[in-house]
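Contents: one structure, followed by commentary.
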DNA sequence: ACTGTAGGCCAACGACTGTTGACGTGCCAG
DNA sequence: CTGGCACGTCAACAGTCGTTGGCCTACAGT
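Chains as they are written, first to last, in full-length UniProt numbering: chain A, 1 to 218; chain B, 1 to 218.
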């Protein structure tokens, strides 16, 4: 039960003003870069370390102390910049699927194209694996995944669906197969799933995704 | 790094003799129930509470204290009976998929049959959802899932595969789709996946699984 | 030269964790 | 009756966690 708010707190917005506005000081300073913000490098280092740790360990086991150590700074800096652990996660879990434009792909190749895209994406960015780790145990992570789903997978289907109201269902079906294979292959390391080559994956999953995209609804 | 063994320990078998033999005392007492073991009820209560907590919270957030509180006993009893947290998890995560005998099902109905079986199973036993929660963040949980895979899913395929060496791959493919939908529907609660009826699930996923079972390898 | 402020470190807090050992209690065999 | 043993509680341990506040340092504005 100690999940949302520890005690008596505003609960949503952190009480410290994290990322205070670029300090225009008193001078107007119109248009110019408003002070280069020396801390930008540190912030980026924290974010990179956080991504790695969340991806490798999941939300609970990724400690702020470990993230700070990886970034080469003090744990308190993490708090200063991101308010608290949830804020850090929110900042570190922004992901972009770089979903391809399916309307530019011949209809019968779309399934295979999608599968190949996601396989390559998954292996190029371990953040995705981390997102899944966190999404499964942490409600904030799950919300993030639903958001990615709604904002980056559904539009893909919206663009090519003849019957618009079927788009959400088809998106979920495609997602279930992609996520399921990612789970077996990159998280659980089920041997036969790990051993599949990219081409085999495309050959097996491509037709499945293709059917979810185009087959008429039952 | 503090994952497998805390320090200098045998690491595998706990040093306390958990579940000591049924106490035959000195009397031979052949065949009779060897002392009803008054603690059986407590042990079962702990196990039930552990299953619930692991399922609801995942491995890290399911605390021994909370499990003991649910079971109405002292945390130290959990240690006495199961050695440590990992031992408790091992005991609580024994699952049985009750996989149907596919050889008794007409070949063209096997995909649909499998999907319906797993959907109903998943909704009747939240332990499965818990297993997935734990399998994603905890290596022991992942190992357990691979084990279930090897011992309960692969034999399913071994029984019906014409080319035996394809069985592992086909099992992994079937598993990826089943697990993927379970992930979206029961863990992440992606709305369109949650809204699907059992019949819709069978109609959509059935042909996919059917293809993984029978289509010739690419 | 003086000062405000952003960037950073240090030490500590309170809470919670898994785990342990000493201690009580009621049942059963002798 | 008496001793042992299974069952169970209590209090504490050592460690880690997220988080906080004070203090130091270097640099920019005046």
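Here a beta-carbon is modelled for each residue, glycine too, at the ideal position from N, C-alpha and C. In this text, all values refer to a predicted model and were calculated from it rather than measured experimentally.
### Query
What are the boundary residues of the alpha helix (DSSP H) that residue 189 of chain A is part of?
Secondary structure note for residue 189 of chain A: it is in no alpha helix (DSSP H), with a DSSP letter that is neither H nor E.
### Query
Are the stretch 89-107 of chain B and the stretch 142-159 of chain B touching, with three or more C-beta to C-beta distances below 8 Å?
Yes, the stretch 89-107 of chain B touches the stretch 142-159 of chain B.
#### Entry: Straight-line gap, residue 218 of chain B to residue 202 of chain A (C-alpha atoms, nearest Å)
Approximately 10 Å between the Cα atoms of the pair.
### Where residue 184 of chain A meets chain B, residues with beta-carbon distance less than 7 Å
172, 175, 176, 179, listed in chain order.
### Query
Count the other CB atoms within 10 Å of the CB of residue 163 of chain B; is the residue buried (16 or more) or exposed (fewer)?
Classified as exposed, residue 163 of chain B has fewer than 16 neighbouring CB atoms from the shown chains inside 10 Å of its CB.
### Query
If you pair each beta-carbon of the stretch 60-78 of chain B with each one of the stretch 105-112 of chain B, do three or more pairs fall below 8 Å?
Contact between the stretch 60-78 of chain B and the stretch 105-112 of chain B is absent, with fewer than three C-beta pairs closer than 8 Å.
### Query
Helix, strand or coil for residue 163 of chain B per DSSP?
Coil at residue 163 of chain B, not helix or strand.
#### Entry: Cβ-based burial, residue 169 of chain A [other Cβ within 10 Å; buried from 16]
If you draw a 10 Å sphere on the C-beta of residue 169 of chain A, you find 16 or more other C-beta atoms in it, and that means buried.
### Query
With respect to the alpha helix (DSSP H) encompassing residue 198 of chain B, which residues constitute its N-terminal and C-terminal limits?
Segment 198-214, the alpha helix (DSSP H) holding residue 198 of chain B.
### Message
Using only the alpha-carbon positions, how far apart do residue 119 of chain A and residue 79 of chain B sit?
### Response
Between residue 119 of chain A and residue 79 of chain B, the alpha-carbon positions lie close to 43 Å from each other.
### Task
Spell out whether any CB of chain B is found under 9 Å from the CB atom of residue 149 of chain A.
So yes, residue 149 of chain A belongs to the interface.
### Query
Does the stretch 48-59 of chain A touch the stretch 78-94 of chain A, meaning 3 or more C-beta pairs lie closer than 8 Å?
Yes, they touch.
### Task
Using a cut-off of 8 Å between C-beta atoms, extract the partners of residue 61 of chain B located in chain A.
The contacting residues are 60, 137.
### Query
Is the shortest distance between the beta-carbon of residue 204 of chain B and the beta-carbons of chain A less than 9 Å?
For residue 204 of chain B, the answer is yes, since a Cβ of chain A falls inside 9 Å of its Cβ.
#### Entry: Three CB pairs or more closer than 8 Å across the stretch 122-138 of chain A and the stretch 136-143 of chain B
Counting C-beta pairs with one atom in each stretch, the stretch 122-138 of chain A and the stretch 136-143 of chain B have three or more that are closer than 8 Å, which means they touch.
### Task
Identify, in the order they occur along the chain, each residue of the same chain with its Cβ nearer than 7 Å to the Cβ of residue 32 of chain B, setting aside the five sequence neighbours on each side.
Its pLDDT being 39, under 50, residue 32 of chain B is placed unreliably in this model, and the value from its coordinates should be taken loosely. Exclusion of the five residues before and after residue 32 of chain B leaves no residue of its chain whose Cβ lies closer than 7 Å to its Cβ.
### Query
At least one CB of chain A closer than 9 Å to the CB of residue 42 of chain B: is that the case?
Not an interface residue.
### Message
Taking 7 Å as the limit between beta carbons, can you name the residues of its chain near residue 85 of chain B, skipping five residues before and five after?
### Response
Contacts found: 64.
### Message
Please report the straight-line C-alpha distance between residue 188 of chain A and residue 214 of chain A, rounded to a whole angstrom.
### Response
The alpha-carbon of residue 188 of chain A is positioned some 30 Å away from that of residue 214 of chain A.
### Message
Please identify the residue among B/57, B/76, B/58, B/184 whose C-alpha is closest to the C-alpha of residue 43 of chain B.
### Response
Residue B/76 holds the alpha-carbon nearest to the alpha-carbon of residue 43 of chain B among B/57, B/76, B/58, B/184.
### Task
May I have the straight-line CA-CA distance separating residue 15 of chain B from residue 178 of chain A, to the nearest angstrom?
Low confidence applies here, because residue 15 of chain B scores a pLDDT of 32, under 50, leaving its location unreliable and the question unanswered by this model.
### Closest Cα partner of residue 191 of chain B within the set A/46, A/147, A/72, A/200
When only C-alpha atoms are compared, the closest one is A/147.
### Query
Under a Cβ-count criterion, where at least 16 other Cβ atoms within 10 Å of its own Cβ denotes burial, should residue 39 of chain A be classed as buried or exposed?
By the 10 Å Cβ count, residue 39 of chain A comes out exposed.
### Task
Starting from the C-beta of residue 149 of chain A, find all residues in its chain whose C-beta is less than 8 Å away, skip the five residues before and the five after it, and write them out in chain order.
Excluding positions up to five away in sequence, the list reads 171, 172, 175.
#### Entry: Rounded C-alpha distance that separates residue 166 of chain A from residue 199 of chain A
Taking the straight line joining both Cα atoms gives about 29 Å.
### Query
If you draw a straight line from the C-alpha of residue 128 of chain B to the C-alpha of residue 41 of chain A, how long is it?
If you draw a straight line from the Cα of residue 128 of chain B to the Cα of residue 41 of chain A, it is about 43 Å long.
### Message
Does any residue of chain A have a CB that is nearer than 9 Å to the CB of residue 200 of chain B?
### Response
Output row for residue 200 of chain B: interface = yes.
### Task
Mark residue 115 of chain B as exposed unless 16 or more other C-beta atoms lie within 10 angstroms of its C-beta, in which case mark it buried.
Its Cβ being crowded by 16 or more others within 10 Å, residue 115 of chain B is buried.
### Task
Report yes or no: is there a C-beta of chain B within less than 9 Å of the C-beta of residue 127 of chain A?
So no, residue 127 of chain A is outside the interface.
### Task
Answer with yes or no whether the minimum CB distance from residue 213 of chain B to chain A is below 9 Å.
Cβ-Cβ to chain A under 9 Å: no for residue 213 of chain B.
### Message
Can you tell me whether residue 179 of chain B is helix, strand or coil according to DSSP?
### Response
Residue 179 of chain B: helix per DSSP, three-state reduction.
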